[in-house]
Amino acid sequence: MTTKRSLPTFTRRGFGALAGATMLTAALPAFAQTSGEPVYIGVSGPKTGLHAQYGALWVQGFDLALDKINGEGGINGRPLEYIFEDSQNDPRQTIAIAQKFIADPKIVAEAGDFSSTSSMAASPLYQRGGLVQFGFTNSHPDFTKTGDYMWSNSIPQSQEQPLYADFAVNTLGLKKIGVMYLNTDWGKTSKDLFASAAEEMGAEIVAAEGYLADEKDFRATLVRLRDAAPDGIMLESYYSDGALIVRQLRDLGIDVPILATGSIYSPDFLELAGDAAEGVFTSVYYAPQSPRPEVVEFRQGFLDKYGEEPNHFNALAYDAFNILAAVMREYGTGREEIKDGLGKISGISSVLFETVSFDPETRRVSGPEVTPIVVKDGAFTIYTPEQG
Amino acid sequence: MEFLSSLISMPWLDYSISGLVIGSIYALMAVGLALIFGVANLINFAHGAVFTVGAYIGWTCLVGLGLPLGVTIVAVAAVSGGVGALIEWLAIRPLNRQSRIAPLLATIGVALMLDQIIHIVFSPTPRALPANIPDWRIAVGNGTIGAIDITIFATAVISAAALYAFLFRTKLGMAVRATAQDDDAAKQMGVNINAVNMTVFGIAGALGGIAGLLVGLYYNSIDPNASFQMMLKGMVAIVIGGMANVPGAIGGGLILGLIESWGIGLFGASYRNLFAFVLLLVMLLFRPNGIFARGKERAAEPMTGTFVTQTKAITLPRPLIWVLIGVAVILPMANMPYITQVMTNAYLYGLAALALTLVSGTVGLVSIGHAALVAIGAYASALLTTKGLPVSLGIVIGGAAAALIGTALAYPAFRLRGHYVAIGTLALGEIVALVILNWEGVTNGALGVFAIPPLEIFGLPLYGTKASYWFVLALMLGMAGLQVRLLKSHLGRTWKAIREDTVAAETYGVSSNYYKGLAFGFAGFTAGIAGAVTAHQWSFINYDSFNLLFSVLILTMAILGGLGNVSGAILGAILVAALPEMFRTLAEYRMLFYGAALVILIRFRPQGLLGSG
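Those protein sequences? They're chains A and B, same order as listed. All residue numbers for the first sequence refer to my numbering, where the first residue is 272 and numbers rise by one. All residue numbers for the second sequence refer to my numbering, where the first residue is 87 and numbers rise by one.
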């Protein structure tokens, strides 16, 4: 259960649309039709097992992205499709799937898997096989280090945690921070990076409590945290455990400000945490209230298609396909061309980031920015310091 | 010193309250498990799945249909009671005359199916379960407790009291107890034992379902993945309280909650499950009848010998074996890297299953903690080779480490029998995983081990798909050949003698612990190299790479092939590793078919495909 997570990457969408679509619409009839042999992306991810919910969220994002991409003429006239192989987020199965994709000439790039364990087990195979592994939920700092075929639009914690620390210390003015973290590679790394950034900014970390991924009861742990007398609490959590912690925290009568990573940014967090969610701070790359056209299009499209608000895993999946499609449109659909294209492409706008370009050295997105959010009247709203 | 002062200044009251709150949840779970254990002499692994069914029926009524809470409780009890009775009718009753392990595995198969049905029907995303329960809270110490906390506690106590009264004050209760003691005698006295068993499973199911509903309301969150962990905690609670002791289950649950909570207070939450499983092991070793048992009477031990279904093993004709080996050797020539990789995985499973079939089949110690041996081998080799040791040496040391550490850890469990071995090894498996997670200085903790060097032997790279296939195949065949030789020697006969009747073997001067140790050592070595090779193949492992589900899977393979049967273990591994691949196109329905296949196999061929050796 070492899910790694990545910041709410919600925003992706439009990049390809802008570049590709404007060009295409100029050249083609208004309702671009795709034809010919489809271009296939191989997806390795959990459809069953403990992490099946994330695979289901991906599929929603992928399908919405394909509606858009293919509605705009696909990859230069060829439809984009994907083949989803269920890995159960199990490394034994991801390596078998990797062999399958590498050997299948139809597949031009691979997306996934979900956790570090399962993705990184397959990385050496993808590297040797020369197939891009686009790990869109892999914020593990080592994920892209296996080789130059590993790319990610997920922001590594080394970039995002200092942004949280800055918000906690300099915006909220916290001096004595207590941290609760999911004891996985993701949570542990996040906690360490947050702590060192916050201490550098002059705050003190008075407690840091790890918990296991399948834990539901936090009362005893929270008593420990309370006795350290923090003036604010940072949660390195996913939305489901984050919601449980926030509820139990308020039940215990702890009422200091709570800040949580962007992975709690999900309508489900509000529902699961109920009233206790009120006043919780977070920050995201994707804010649904954002007036950016890519965000509006994504959110509206998602609401129309599924009748519910998207969450950040939906946006991650949506962005991943749009980025790959933009690269393919511009640089071609050869495996090598996609790898090289990822290093060259720039200025794609997405749901998560205003513009996406990759640092060819780290193979991560360059210079991401976040939007601070607070839960107000049962909804995520953009936070401005004047709100107090 | 710091520890002592924290011991004194710790807010004991607050920790005790939180311990009692979570303890009542464990107790609620434990009551149903204890009831079933009392009657069927069986740990019902599907009890957790019934818990989940209850939670989702509750959601359907409360949120989906907008029914009031009272109606919901009745509906939940009725449906999950029905599911419980159905489990008895479909999966338990037909196995009445089979070995003890058969129904236990059948409940695992049913649990897989139920969990998967919930996944498919309700989606795997956690959902909120809001209800109009009074939201007053009483301040106790520095914290508060609410109406739902008290409801959970009261439900556990009242249901246990009602059950106790039912069992000891009613005529049907007497029939239940009679059936538990001797079902043949009960039948002779005119008790309809099938009806009794079904009633008991129904009651336990209803309780489990209500537990699911209440816990869902408590957390305002239900998800289909919570069930197994809950079941395990309930199991620890009944071991503490005495396996079949219904009121004891309440005590067991509360004690477990308190110890976990105090432990978290002293050491932190990452150690929570470590306390739970160490406690389980200590109880098994020193108070196997539970903390409330009077005196130290020994647990009944009718299971020696009967725990493994005895049949005549099918011996594959020699020419067939050579043909199969030949096919395996030339398989990569077909140039299908996907198939080659799947088979490499299957052979790695095969190595682990060989090890397990030796300890569980030949010696009769059924282990659900086999992943621990594999994990020790994987970590030993991974940690040493990332520091510069050659991979070939790392693999051998990995095997040796698993043999030594595994045997040392399991040694105290050698005196356990039957179910207790299964539970004890399960606890050991969890303990090893949690030590790996918490011992950061050595194991790198939650971060896992990254950049493990790829397979090679003396500078000869073996990481190509075909090369690693042949290497793993050779390892598996080599170890299998060795195991066959051992079984034919006096060692094999001694091991079987211990399995058949330990007391008789001891009387003949066989030191059973010594021979059990030898078996564990050999099996540990095989499992350890399986782990080491896996680590080099993946390049990344962490504490969760070899978890409880992995143990269950390996056990399934060994049983499928026929416990103790060497070629059976390999066949089982190939089937279990390849079946889910074949079902891949079924996507969400895959695990459902897998669970069903398990149940059907146990039902119709409990001695395994090739018969137990």
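Cβ coordinates follow ideal geometry from the N, Cα and C atoms, glycine included. Quantities reported herein were computed from a predicted structural model and do not represent experimental measurements.
Residue 506/B, buried or exposed, once every other Cβ within 10 Å from all chains shown has been counted against 16: Residue 506/B sits at position 420 when you count from the first residue of the second sequence. That one is buried.
Closer than 8 Å to chain B by CB, residue 482/A: Along the first sequence, one-based indexing puts residue 482/A at 211. With 8 Å as the cut-off, residue 482/A counts as an interface residue toward chain B.
Boundaries (first-last residue) of the beta strand (DSSP E) holding residue 352/A: Your numbering for residue 352/A matches position 81 in the first sequence. Residue 352/A -> beta strand (DSSP E) spans 351-357.
Between the CA atoms of residue 621/A and residue 574/A - distance to the nearest angstrom: The sequence position of residue 574/A within the first sequence is 303, counting from 1. The sequence position of residue 621/A within the first sequence is 350, counting from 1. Rounded to whole angstroms, residue 574/A to residue 621/A spans 18 Å at the Cα level.
Option nearest residue 348/A by Cα separation, candidates 370/A, 308/A, 313/A and 323/A: To locate residue 348/A, count along the first sequence from 1; it is residue 77. Looking at the Cα atoms, 308/A is the closest of the given residues.
CB contact flag (residue 610/A, residue 403/A, <8 Å): Taking the first residue of the first sequence as position 1, residue 610/A is located at position 339. Taking the first residue of the first sequence as position 1, residue 403/A is located at position 132. Contact: yes.
Short-range partners of chain B found in the stretch 621-644 of chain A, where Cβ spacing is below 8 Å: none
Helix, strand or coil at residue 568/A according to DSSP, with G and I counted as helix: If you number the first sequence from 1, residue 568/A lands on position 297. The answer is helix: DSSP assigns residue 568/A an H, G or I state.
Beta carbon proximity, residue 628/B to chain A, threshold 8 Å: Taking the second sequence and counting its residues from 1, one reaches residue 628/B at position 542. It does; some Cβ of chain A falls within 8 Å.
Which listed residue (474/A, 479/A and 352/A) has its alpha carbon closest to that of residue 438/A: Working through the first sequence from its first residue, we reach residue 438/A at position 167. Checked all of 474/A, 479/A and 352/A; the closest Cα to residue 438/A is 474/A.
Secondary structure of residue 312/A, DSSP reduced to three states: Numbered from its first residue, the first sequence carries residue 312/A at position 41. If DSSP states are grouped into helix, strand and coil, residue 312/A belongs with the strands.
Interface partners of residue 720/B on chain A, CB under 7 Å: This structure cannot settle anything about residue 720/B, because the visible part of chain B is limited to 87 through 699.
Outcome for residue 651/A when other beta-carbon atoms lying within 10 angstroms are tallied against a minimum of 16: Counted from its first residue, the first sequence places residue 651/A at position 380. Per the 10 Å Cβ criterion, buried.
Three-state secondary structure assigned by DSSP to residue 319/A: Locating residue 319/A in the first sequence gives position 48, where the first residue counts as 1. Of the three classes helix, strand and coil, the one that applies to residue 319/A here is coil, per DSSP.
Contact with chain B by residue 335/A, beta-carbon distance below 8 Å: Stepping through the first sequence from its first residue, residue 335/A is reached at position 64. Answer no: the Cβ-Cβ gap between residue 335/A and chain B never drops below 8 Å.
Inter-residue spacing [alpha-carbon to alpha-carbon] between residue 636/B and residue 655/A: Start at 1 with the first residue of the second sequence, and residue 636/B comes out as number 550. Start at 1 with the first residue of the first sequence, and residue 655/A comes out as number 384. Their Cα atoms are separated by approximately 49 Å.
Rounded C-alpha distance that separates residue 612/A from residue 190/B: If you number the first sequence from 1, residue 612/A lands on position 341. If you number the second sequence from 1, residue 190/B lands on position 104. Answer to the nearest angstrom: the Cα atoms are 54 Å apart.
Chain A contact residues for residue 329/B, given Cβ-Cβ distances below 8 Å: For the purposes of this step, residue 329/B is taken as residue 243 along the second sequence, with counting starting at 1. Chain A residues near residue 329/B: none, gap ~24 Å exceeds 8 Å.
Secondary structure of residue 201/B, DSSP reduced to three states: The residue labelled residue 201/B in the question sits at position 115 within the second sequence. Here residue 201/B sits in helix by DSSP.
Proximity test, Cβ basis, 8 Å: residue 488/A and chain B: As a working note, residue 488/A is residue 217 in the first sequence. For residue 488/A, the answer is yes, since a Cβ of chain B falls inside 8 Å of its Cβ.
Backbone CA spacing between residue 682/B and residue 634/B [nearest angstrom]: Here residue 682/B corresponds to residue number 596 of the second sequence, with the count starting at 1. Here residue 634/B corresponds to residue number 548 of the second sequence, with the count starting at 1. Each residue's Cα considered, the two are about 20 Å apart.
Cβ of residue 667/B within 8 Å of any chain A Cβ: Here residue 667/B is taken as the residue at index 581 of the second sequence, counted from 1. It does; some Cβ of chain A falls within 8 Å.
Proximity test, Cβ basis, 8 Å: residue 148/B and chain A: If you number the second sequence from 1, residue 148/B lands on position 62. Closer than 8 Å: no.
Span of the beta strand (DSSP E) around residue 563/A: The residue given as residue 563/A occupies position 292 in the first sequence. Per DSSP, residue 563/A belongs to no beta strand (DSSP E) and is neither H nor E.
Interface flag, residue 511/A vs chain B, CB-CB below 8 Å: As a working note, residue 511/A is residue 240 in the first sequence. Taking Cβ atoms only, chain B reaches closer than 8 Å to residue 511/A, which makes this a yes.
Selected residue, minimal CA-CA separation from residue 375/B, among 335/B, 407/B and 351/B: Within the second sequence, the letter at position 289 stands for residue 375/B. Residue 335/B is the option with its Cα nearest to residue 375/B.
C-beta atoms of residue 353/A and residue 584/A nearer than 8 Å: The count along the first sequence starts at 1 and reaches residue 353/A at position 82. The count along the first sequence starts at 1 and reaches residue 584/A at position 313. The answer is no: Cβ separation not under 8 Å.
C-beta contact flag for residue 290/B and residue 170/B at 8 Å: Residue mapping note: residue 290/B aligns to position 204 of the second sequence, counting from 1. Residue mapping note: residue 170/B aligns to position 84 of the second sequence, counting from 1. Cβ atoms of residue 290/B and residue 170/B: closer than 8 Å.
Under the three-state DSSP convention, the category residue 175/B falls into: For the purposes of this step, residue 175/B is identified with residue 89 of the second sequence, where counting begins at 1. Residue 175/B falls in the helix class under three-state DSSP.
Unbroken stretches of the alpha helix (DSSP H), 4 residues or longer, contained in the stretch 405-445 of chain B: 423-442
CB contact below 8 Å: residue 94/B versus chain A: Here the question's residue 94/B lines up with position 8 in the second sequence. Chain A, which has no Cβ nearer than 8 Å to the Cβ of residue 94/B, makes this no.
Residue 540/A versus 331/A, 646/A and 355/A, residue with shortest Cα-Cα distance: Position 269 of the first sequence, counting from 1, holds the residue named residue 540/A. Here the closest residue by C-alpha is 646/A.
Top-ranked residue by Cα proximity to residue 458/A, from 392/A, 533/A and 424/A: Position 187 of the first sequence holds residue 458/A. Selected option, being the one with the closest Cα: 533/A.
Integer Cβ distance of residue 775/B from residue 114/B, believed to fall under 8 Å: An answer regarding residue 775/B cannot be provided, because it is not within the stretch 87 to 699 covered by chain B.
Given residue 419/A as reference, the closest of 397/A, 570/A and 376/A once Cα atoms are compared: Locating residue 419/A in the first sequence gives position 148, where the first residue counts as 1. Measuring from the Cα of residue 419/A, the nearest candidate turns out to be 397/A.
Segments assigned beta strand (DSSP E), at least 3 residues, entirely inside the stretch 640-671 of chain B: none
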